[in-house]
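Let me begin by presenting the structure, written as structure tokens, before commenting on it.
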Amino acid sequence: MPAKDELARRRYEKLVGRLESLMRAALKPKYEGHYGQLILGADDLAEMGELTDVRRATREAGRRLSWKTTTRLVDGRPFVLDEREVPKRIERLAGDAAAAATDRFWEESPPNTSFKA
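Sequential numbering from 235 applies to the sequence shown in this note's numbering.
In structure tokens:
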């Protein structure tokens, strides 16, 4: 039985390492480790194993990254989020980036001529 436990432990550690790598890669350096999120596809989940194991592994990977990790399942896709409080300067930086992206969208979108007020 110990060999099975060792194999399960190694698989779990490998899963944690893979998730930690994906979570780290999803971070934007300008936000200094905040606003972390990872959205896994249904195919990813099928490849990684049972949802309960994946959730447990994401919590462990999040601890390694100092995240306050939460997971949600939306339409069969796991969402992993960092819910730590964000410093005000990072919050402002992210807000400015979101506003700039919205402005670019409206500037680049063709006018909707079919809309009648």
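Each residue gets a CB set at the ideal place from its N, CA and C atoms; glycine is no exception.
Helix, strand or coil at residue 287 [DSSP, three-state]: What you label residue 287 is simply residue 53 of the sequence shown in a count that begins at 1. In this structure, residue 287 counts as helix in the three-state DSSP scheme.
Inter-stretch contact at 8 Å, needing at least 3 Cβ pairs: the stretch 311-322 / the stretch 289-300: yes
Member of 264, 281, 257 and 242 whose CA lies at the smallest distance from the CA of residue 330: Residue mapping note: residue 330 aligns to position 96 of the sequence shown, counting from 1. Nearest C-alpha to residue 330: 264.
Helix, strand or coil at residue 263 according to DSSP, with G and I counted as helix: Residue mapping note: residue 263 aligns to position 29 of the sequence shown, counting from 1. Of the three classes helix, strand and coil, the one that applies to residue 263 here is helix, per DSSP.
Spatial distance of residue 341 from residue 328 (CA atoms): One-based indexing of the sequence shown puts residue 341 at position 107. One-based indexing of the sequence shown puts residue 328 at position 94. When rounded, the distance between both Cα atoms is 20 Å.
Distance between residue 343 and residue 257 (C-alpha atoms, nearest Å): Position 23 of the sequence shown holds residue 257. Position 109 of the sequence shown holds residue 343. Cα-Cα distance, rounded: 32 Å.
Close beta carbons around residue 283, own chain, < 6 Å, minus the five adjacent residues each side: Numbered from its first residue, the sequence shown carries residue 283 at position 49. Hits under 6 Å: none found.
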